[in-house]
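**Student:**
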Amino acid sequence: MIKQKKKGLYLSDRPPLTPLKTILLAISYILLFAYVFVILWPLAQIVLSSFNGSQSQYIRIGGTYQFSFKHFKFLFEEKPFLKWVINTIVIAVATALLTLLFVSFTGYAYSRYRFKGRKASLMAIMLIQTIPTFVGIAAFYTLHSIISAAIPGFSRQMFLVLIYAGGGIASNTFILKGYIDSISTELDDAARIDGCGNFQVYRLIIMPIVRPMLAIIALWSFIGPFLDYMLPSIILGDPEQYTLATGLYTLINDSRNMHQPAFAAGGLLTALPIVILFIALQKQLVSGLASGAVKG
Amino acid sequence: MRYGTTIVDDIGNEHPRRNLSLALKGEIEKRQKAEPNKDVARIKSEFESLTKSANDYDKSLADVRREEKAFLAKAPERKIGFEKTVTDRDAKIRKWCFEAMESAARAEFYGQHIELSYDYELLARQHRMIAEQLPDIASVRRKTLNELEEVTAELERAKQEDQSQAKAEFQQYRQDRLDQRKEEKANLKKLYKEGQISSKAFENEKRQRDLAASEDIRAKKQLLPVEMLSDRKRYLKHRLRHDEKQAITVLHSDIADLRRKTPIEISKRFPWVSYLTISVPGLGQLMLGQSVKSIFFFIGTLYAYLIAIPYALGRGNYRGQGIFGLISLAKGGSRLDRSDIFMIEGVIAIILLVIAFLIFYQSFRDVHKNEKRMIKGIRINNWFETRTVAKRSGFPYFASAPSALVTLFIVLLPIAVTVLISFTNYDPKHQSKFSWIGLANYKQIFLGEGIAGKPFWLITGWTVIWTLFATSLAIFIGFVLALLVNQDRIYGKRFFRTIYLLPWAVPAFITIMFFSIMFSPDGPLTNLLHQLTGQIINIKDSPWGTRIVLILLQGWLGSSYVFLLCTGILQSIPKDLYEAANIDGATGFQQTRHITIPILLFQTAPLMIGQYTFNFNNFSIIYLFNGGGPFEPSKYGNTAGSSDLLISYIYKLTIQKQFQGIGAAITMIVSLVLIFITWIGFSRSKSFREEKL
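The listed protein sequences correspond, in order, to chains A and B.
Under this note's numbering, the first sequence has 18 at position 18, and the numbering climbs by one with no breaks.
Under this note's numbering, the second sequence has 680 at position 384, and the numbering climbs by one with no breaks.
Laid out in structure tokens, this is it:
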């Protein structure tokens, strides 16, 4: 009997749809799908043209389509694409590790210790992080030659890593400090009573709790070198040392070496892992961004 | 400083003077202060009896000093006597026993002279403490060592005995337990298959069974005699190391407590050591008796005299002349001498000198403070105490030192150099040798003169337009999308969210370059436009065409991020707000306007300011899309194009056209504006206002 009644009854929590609301809902769907198209169309073109074997130097949309891997082949055989990938990964990993090392110490020290000059240096850190990295471009090149004279074997890539990591210290310290601040100090007090030293408190108490934030910091420092074009274009001289961004740009920036479909192929290969990473970790990445901007 | 009639210890307790001649001086001093005009000789005569006792005191102190010397000289003899009574063979125990006996003897000796000096009192009590505690520490070690020996012997015996039966028993138990686990798991699986427990519960239970089984097996294994004994051995070894360390630390901190409570009397009135040793950090500490601490300051001295100062004077430079390079800028130097190298090395020299100065200052302050404390009557820290303090309050400095160094040389140094370059004529004609020209660059920029300064205001205008429109568009799109997707009746939220994330997730340089390809003459989108309008519109050749496409493109790129942020905040708005609004009869539109939008705006405001500054500096989109073009030499000269932002203009000036001087000046202006804007954002943020730094 109940089943019979249910058919005629309106049982939803929400108020029933009026005709006006139905129209509004339809418009919403239309807008949303239109924007889906706006996003997917260009991205789809990248994918399509990277597999389209009927293009040679320039990308053509429409016309004959011939599925082939020849642009990928071109990338790996004619261009040092693999080298670019390796360079970028090496730089990215080194940046992430170095940033973590620096920031763990400073974030912990600034959150848990009260020392002379703390407030002043925090202010300084705040100011420093507002200064964009490009300010030093006039000095970077010469600075590298001076440092490499003092420390033989100091390569341009190492310098790039130092710039990335050093530039990230200020803002990441703030993020981590804010995060550690939110952890009760009772835990470390208890650990100290049990005889833990400074490092032990960090390693055994703080680090396990802040691991999510450390992961976010590491992830952002890792992704940074994949996205940056400007610094590598200034500091790295030789195409063999290029990162992906600078390397791929050489495929489209002058008409003699122009190979647009190969660029699409390289772009696809670069974007794919990062997109997967972003989709998998979107929540964490966004929360990391948010806390970074609010700054503790 | 004054002698005073009393002295104060570290805790703040006042103590009477025991050194009577110092006490006399203090009394005289007091009298002189009360009656400044009185004759010194007459004051002295007033204290005749005191003078006499002071003289007696000096004499007896000298006697005791002599006795003390003789007593200490006999220490080796006493040791021979102790050696007969100690039967232990362990070196550490023997050492402790001797030390305890010697301390007992000393405690007795100094105990007779406590009245003479606080030093003797401290020594007496300190040695008594050692004499009481060391034997205990030694006996604990003796006991543990004996036990260890027994256990080791037993272990050897157990190893030689036949283990097979115990082992077989254990194996049997293990097999049984594993079988039991298998059975349990099978049961679980049955329950899961029948739908009685969820997949999550199934996984959890399985893990728990695994854990329980391995725990049980491990516990059983510990019961094997060999396992048990070797465990015991490990434990004893740990005790041996750990307990001693702790006991000794306790002894040291007890002594430290004594030192805090027992004052010191010295005849020094003026902290001259700190002034005398100001130029040699470490020497002062050594003279005050803090020898280990002085080593660290001596390292600082070495740094200052072997690295910082020679470098500043031009020794060991790469090419430059240390600090003088800043003045000369390689003027008149050989062809290899470059002004920029001289400048950077000059700045490095200054940084090194500042660090050296800080070391000098710290050392002076340290010695000065300690001397003043000693004059007051406080005993300064011994190494144990210094180390304890350094471990606690020195940690933040050690922890942030590497970061500070990197920031100093990789971040601040280039900034300083850029500031300096902005005051020079570093341009294509003066690449290797440039000189100071004061504010000329800034003047050129503000007046819009010269090759490089001419387009400045045009570019600034476009930069502002770009920043406002591109960011606002992205924020608007992201906002609207977030509101639309998060409506109750929209299905497929996950799908939309994933798609809308893509422009952010795909590295921007790839999309920008790809759009650049599509808008190139004869590119796909140009052809599409041609088909739609019937005219050939070459976006990249038209200034406003390029600009509008850039703004739209940034709207496309930037909206994802805003969308994600807003979605996160929308989901966190408590539902009861809307329920309350519903009950009060608010329409959906009213709810959005009065609840959703205010919360969104309030929470995302700082991030949105960040978006504006980001776009202000958005180099890659401008440079990678059209290289800043199209070029309009009549308006912009031949460096900049009509879509160049200040940042890409700086890049072109410094990297491509080598107008580093002007480029640096523009950089300075841009940075100051940025710092100002960010600072406003900060100072309004919650954490800053609540002073929760």
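Beta carbons are placed, not taken as given, at the ideal position from N, Cα and C, and that holds for glycine.
May I ask you to list the residues that DSSP assigns as paired with ASN52(A)?
**Tutor:** PHE67(A)
**Student:** If I measure Cβ to Cβ from TYR108(A) and keep anything under 7 angstroms in the same chain, skipping five residues before and after, which residues do I get?
**Tutor:** Cβ within range, chain order: ILE180, TYR202, ILE206.
**Student:** In angstroms with no decimal places, state the Cα-to-Cα distance between LYS370(B) and ALA401(B).
**Tutor:** 11 angstroms
**Student:** Taking only beta-carbon atoms, is MET158(A) less than 8 angstroms away from chain B?
**Tutor:** Residue-level contact by beta carbon fails for MET158(A) and chain B, as no gap is shorter than 8 angstroms.
**Student:** Quick one: list the residues of chain A neighbouring TRP975(B), beta-carbon separation under 9 angstroms, in chain order.
**Tutor:** MET126, LEU127, THR130
**Student:** Three or more C-beta pairs closer than 8 angstroms, one from the region 843–861 of chain B and one from the region 755–772 of chain B: is that the case here?
**Tutor:** yes
**Student:** Taking its Cβ as the centre, do 16 or more other Cβ atoms sit within 10 Å of TYR229(A), making it buried, or is it exposed?
**Tutor:** buried
**Student:** On the three-state DSSP scale, how would you describe HIS311(B)?
**Tutor:** strand
**Student:** LYS295(A) to LEU101(A), Cα distance in whole Å?
**Tutor:** Because LYS295(A) carries a pLDDT of 36, less than 50, the predicted location of this residue cannot be relied on, and the following value inherits that uncertainty. Answer to the nearest angstrom: the Cα atoms are 20 angstroms apart.
**Student:** So what does DSSP say about VAL576(B), is it helix, strand or coil?
**Tutor:** The answer is coil: DSSP assigns VAL576(B) none of H, G, I, E or B.
**Student:** Report the residues of the region 258–270 of chain A with a CB closer than 9 angstroms to any CB of chain B, ordered along the chain.
**Tutor:** Considering only beta carbons, the part of the region 258–270 of chain A lying closer than 9 angstroms to chain B consists of GLN260, PHE263, ALA264, GLY266, GLY267, LEU268, THR270, in chain order.
**Student:** Taking PHE638(B) as the reference, give the member of LEU798(B), GLY957(B), LYS729(B) with the closest Cα.
**Tutor:** LYS729(B)
**Student:** Comparing the C-beta of VAL275(A) with each C-beta of chain B, is any distance below 8 angstroms?
**Tutor:** yes
**Student:** THR302(B) by DSSP, collapsed to three states: which one?
**Tutor:** strand
**Student:** Could you confirm whether any beta carbon from chain B is found closer than 8 angstroms to the beta carbon of GLY224(A)?
**Tutor:** Not closer than 8 angstroms to any Cβ of chain B, the Cβ of GLY224(A) fails to qualify, so no.
**Student:** Should ASP354(B) and VAL436(B) be called a contact, given that it needs their Cβ atoms to be closer than 8 angstroms?
**Tutor:** no
**Student:** Rounded to the nearest angstrom, what separates GLN461(B) and GLN467(B) at their Cα positions?
**Tutor:** Answer to the nearest angstrom: the Cα atoms are 10 angstroms apart.
**Student:** Taking all protein chains shown into account, decide if MET123(A) is buried (16 or more other Cβ within 10 angstroms of its Cβ) or exposed.
**Tutor:** exposed
**Student:** If you check the beta carbons only, do ILE951(B) and ILE252(A) fall under 8 angstroms apart?
**Tutor:** no
**Student:** Would you call ASP189(A) buried or exposed, if buried means 16 or more other Cβ atoms sit within 10 Å of its Cβ?
**Tutor:** exposed
**Student:** Is the Cβ-Cβ distance between SER731(B) and ALA961(B) less than 8 angstroms?
**Tutor:** no
**Student:** Near LEU622(B), what residues of its chain come up, given a Cβ to Cβ distance below 6 angstroms and the 5 sequence neighbours on each side ignored?
**Tutor:** GLY642
**Student:** If we define contact as Cβ-Cβ less than 8 angstroms, is MET230(A) a contact residue for chain B?
**Tutor:** Interface residue, yes.
**Student:** Can you tell which of TRP220(A), GLY117(A), PHE154(A) has the C-alpha that lies nearest to the C-alpha of GLY168(A)?
**Tutor:** TRP220(A)
**Student:** Contact between the region 855–865 of chain B and the region 770–781 of chain B: three or more CB pairs below 8 angstroms?
**Tutor:** yes
**Student:** Near ASN309(B), what residues of its chain come up, given a Cβ to Cβ distance below 6 angstroms and the 5 sequence neighbours on each side ignored?
**Tutor:** none
**Student:** In the region 12–28 of chain A, which residues sit with their C-beta less than 7 angstroms from some C-beta in chain B, listed in chain order?
**Tutor:** ARG14, LEU25, SER28
**Student:** Please classify LYS564(B): is it buried, with 16 or more other beta-carbons within 10 angstroms of its beta-carbon, or exposed?
**Tutor:** exposed
**Student:** Residues of chain B with a CB under 7 angstroms from the CB of PHE51(A): which are they?
**Tutor:** By Cβ distance, chain B contributes nothing, its closest Cβ being about 15 angstroms from PHE51(A), past 7 angstroms.
**Student:** Does the region 703–714 of chain B come into contact with the region 135–143 of chain A, if we say contact requires no fewer than three beta-carbon pairs (one atom in each stretch) closer than 8 angstroms?
**Tutor:** yes
**Student:** Contact defined as beta carbons within less than 8 angstroms: I believe ALA552(B) pairs with GLU681(B). What is the distance between those atoms, to the nearest angstrom?
**Tutor:** 5 angstroms
**Student:** Contact check, ILE562(B) vs ILE410(B) under 8 angstroms by CB: the rounded distance?
**Tutor:** Not quite, the Cβ-Cβ distance comes to about 18 angstroms (not below 8 angstroms), so this is no contact.
**Student:** Here's a check: name, in chain order, each residue in its chain whose Cβ is nearer than 8 angstroms to the Cβ of GLN129(A), leaving out the five neighbours to either side.
**Tutor:** ALA170, SER171, PHE174
**Student:** Check THR250(A) in the structure and name its three-state DSSP category.
**Tutor:** coil
**Student:** Return no unless some Cβ of chain B is closer than 8 angstroms to the Cβ of ALA139(A).
**Tutor:** Yes, contact with chain B.
**Student:** Is it the case that the Cβ atoms of ILE965(B) and GLN740(B) are separated by a distance below 8 angstroms?
**Tutor:** no
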